[in-house]
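K.L.:
This is the structure I want to talk about, given as C-alpha cells.
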Amino acid sequence: MAAPVRFVVQLHDATTLHFDFRLQSGDVLRSWAVPKGLSLDPGVRRLAVPVDDHSLAAGEFEGVHDGQRHGTGAVIIWDEGTADIVRDEPGHVSFILHGRKLSGGFALTRTGQKRWILVKVRDEDARPGSDIVAEQPASVRSGKTWTQLHDAAQIVSPGGKHTPVMRGCSDSR
Ligand code: MN
C-alpha cells in the first residue's frame, strides 16, 4: 500500500450548508461536496458531488470567507487525518480513514455525470444506526461549531470586514 495521504472534511456554510470531503492526490486535494456529510453507518448512502481540486492550503482553512455571496462563508475543519488509498480507478476510489471522528474503510463510486455515492465499508469501525454528524458537530481544531465560529468572527471585527480572506477557493457551493 502506498504512503498515507491527507484527508479533511470541512463544514461550509455557503448557498447551502454542506460538507466538503477532500482527499490528497499529489499536491492537490480531490474534492467532493457532500450535502449531508459522512456516516459511519454502512447502510447510509451519501450523495457526493465532485468539485474542482483544491490546494493543500485550502484544506487547512478554518474561518469565515470574505465576500461570499451566499451563506455566511463560515468553514470549520470538521475532521481531518490520514488516509490509506486501497483502490483508485476511474469512477471508483476506496480508502481507509484515520481521523478523529471518522475511521475505517469508505468507498466513493461514480453513478452519474456529477454524482458519486459515498458509503462506509462494513468493517470493525462501522457503527450501524449512528449519526456522527449530529453527535459531533464541532471543529476538531477549535472545538467550535460553525455558528459559534461565525459569531466569534463578527465580534472580533464589528465593522463587518471579517478576516482572513480565503484565496484559491472558488468553491461557492
Ligand atoms: Mn464548499
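All residue numbers for the sequence shown refer to our numbering, where the first residue is 1007 and numbers rise by one.
Backbone N, C-alpha and C fix where the C-beta goes; we use that ideal spot for every residue, glycine too.
Quick caveat, the model's predicted, so the values are computed rather than measured.
Note down, one range per segment and in chain order, each alpha helix (DSSP H) of at least 4 residues found wholly within the region 1068-1156.
P.N.:
Listed in chain order, the complete alpha helix (DSSP H) runs (minimum 4 residues) inside the region 1068-1156 are 1138-1141.
K.L.:
Under the three-state reduction of DSSP, which class applies to residue 1039: helix, strand or coil?
P.N.:
DSSP places residue 1039 in strand when its eight states are reduced to three.
K.L.:
My guess is that residue 1028 and residue 1014 are in contact by the Cβ rule of under 8 Å, so how many angstroms apart are they, rounded?
P.N.:
So it is a contact: roughly 5 Å between Cβ atoms.
K.L.:
Return the bridge partner residues of residue 1053 from the DSSP annotation.
P.N.:
1123, per the DSSP bridge assignment.
K.L.:
If contact is defined by three or more beta carbon pairs under 8 Å, each pair taking one atom from either stretch, is the region 1043-1050 in contact with the region 1063-1074?
P.N.:
Judged by Cβ distances under 8 Å, the region 1063-1074 makes no contact with the region 1043-1050, as fewer than three pairs qualify.
K.L.:
Give every residue of the same chain whose Cβ lies closer than 6 Å to the Cβ of residue 1147, excluding the five residues on either side of it in the sequence, and list them in chain order.
P.N.:
Taken in chain order, the residues that qualify are 1068, 1083.
K.L.:
Do you know how far the Cα of residue 1154 is from the Cα of residue 1081?
P.N.:
Whole-angstrom Cα-Cα distance: 11 Å.
K.L.:
Could you tell me whether the Cβ atoms of residue 1059 and residue 1034 are closer together than 9 Å?
P.N.:
The answer is yes: Cβ separation under 9 Å.
K.L.:
Please classify residue 1126 as buried or exposed, where buried requires at least 16 neighbouring CB atoms within 10 angstroms.
P.N.:
So residue 1126 counts as buried.
K.L.:
Using a Cβ-Cβ cut-off of 6 Å (strictly less than) and excluding sequence neighbours within five positions of residue 1088, which residues of its own chain qualify?
P.N.:
Cβ neighbours of residue 1088 beyond the five flanking positions: 1010, 1104.
K.L.:
Is residue 1057 near the ligand MN, with its Cβ less than 8 Å from a heavy atom?
P.N.:
Checking every heavy atom of the ligand MN against the Cβ of residue 1057, one is found closer than 8 Å.
K.L.:
Per DSSP, residue 1031 is paired with what?
P.N.:
BP columns for residue 1031 point to 1034.
K.L.:
Write down the C-beta distance between residue 1137 and residue 1110 rounded to the nearest angstrom, noting that I regard them as a contact closer than 8 Å.
P.N.:
About 16 Å; that fails the 8 Å criterion.
K.L.:
Pop quiz: residue 974 and residue 1134 are said to be a contact at Cβ under 8 Å. What is the actual Cβ separation, rounded to whole angstroms?
P.N.:
Only positions 1007 to 1179 of the chain appear in this structure, which leaves residue 974 out of reach.
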